[in-house]
Structure formats: C-alpha cells, structure tokens
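So this is what it looks like as structure tokens:
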C-alpha cells in the first residue's frame, strides 16, 4: 500500500465516503416552497440511512413544517437505481434522494439534482462543499477497524492498513461484500 495505507485506521479521511443529500431538478428553485409541499401533503425521501436514525430527523421536519415524510430505505446503490430508473422514465416519485458520494455524483451527472444550498451549510468545512451546489454533504461516515480485545493484545493492534498485510492476520479479517455495499467498494477503491 502507498499513501493511504499510512493513515491511522481510526482516522481515515472520510471525504470519499461522504453521504450526500440533494433535491431533484423538479424542485427548480433555490427557495423551498413550503406551501406547495403542504398542499401535496408529503415529502418523499429515498435514502440509505437506517429508519431508526432517520426517525428523529423526519419527526423534527414534520413538527416544524407540518408535512409528512414518507421514507424509503435501501443501500446507496438501491437508492440510485430506483431514483435513476424513475428519472429516466420521466416519472420521479421522490422529492429528496440521499446516498453516498459515489452514487450522488452519478445522479448529479444524469441531471437529477438542482442547485440547493441550505443555510446550515455555511458551517460546513469548505473542502466538503460541492462547487455547483447540487450536492450538499450532511453526514460523514468514518471507517475504522474493530478488533476483539480478548483475542488481540494491545501491543499487537495494527496501527495502519499496511499492518494488516502481516500474514498473521490472514483469514481473520471480514468486511461487507463490496459488490453489494457501495461504501465498502469506495473504501477499497481509495486505498491505492
């Protein structure tokens, strides 16, 4: 491994693993029209965040705006496949699509998103902001390696990803299947 392998495992830069939120082009404006949304009766969100975590966000939104949130959850890949299929058919059923950076870039390039810069993004670090304003990062997913403290002595804990190349770790590592888990695929892609 080069460059990336030297990062300490618990502080892997998460820029490539940002999960992103954006509005579809059908919004067509910077300002969100709350009155129109209330008439429609709901906002439809496709996202990759587990419902238990989105529950608080959705309830806060519903309380503030009086608009019901209908949340459909899938992996980032499933979110993008569903949103892109609907978009290409000319029948998008979503108002907001949320997923990781990789799939958000694909959806952006296909024209699904319009410019929207929420006021809260003023507080975001500049290197996390997209220049065109069509993707707004709203969460960071740090990657770390967990180990069993009953099986690994403190003196043996790997400090870098290069340390994991030691033959003593062969057959003792696991991770989600990168062909089915976009974040894992992006993580591996960025290792060099």
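In the working numbering, the protein residues as written are 3 to 194.
Here a beta-carbon is modelled for each residue, glycine too, at the ideal position from N, C-alpha and C.
Just so it is clear, the structure is predicted and the values come from calculations on it, not from any experiment.
When beta bridges are read from the DSSP output, residue 44 appears opposite 70. Cβ contact annotation for residue 86 (same chain, cutoff 7 Å, sequence separation greater than five): 109, 112, in chain order. Using a 10 angstroms sphere on the CB of residue 36, the tally of other CB atoms stays under 16, which defines it as exposed.
Cβ neighbours of residue 79 within its own chain (closer than 7 Å, five residues either side excluded): 105, 184. Judged by DSSP secondary structure, residue 138 falls within the beta strand (DSSP E) whose first and last residues are 138-141.
The continuous stretches of alpha helix (DSSP H) do not include residue 128, and DSSP gives it neither H nor E. Between the segment 129-145 and the segment 70-78, the count of Cβ pairs shorter than 8 Å is below three; the stretches do not touch.
In this structure, the straight-line span from the alpha carbon of residue 138 to that of residue 123 is close to 8 Å. Residue 162 carries a strand assignment under DSSP once its states are collapsed to helix, strand and coil. With fewer than 16 other Cβ atoms inside 10 Å of its own Cβ, residue 146 counts as exposed. The beta carbon of residue 70 is closer than 8 Å to those of 43, 44, 45, 64 in its chain, skipping five residues each way along the sequence.
It is roughly 11 Å from the alpha-carbon of residue 141 to the alpha-carbon of residue 103. When DSSP reads this structure, residue 75 sits in a beta bridge with 49.
Separation of the CB atoms of residue 67 and residue 100 is rounded to 18 Å, and the pair is thereby denied contact status at 8 Å.
With a threshold of 16 other beta carbon atoms within 10 Å, residue 175 falls short and is exposed.
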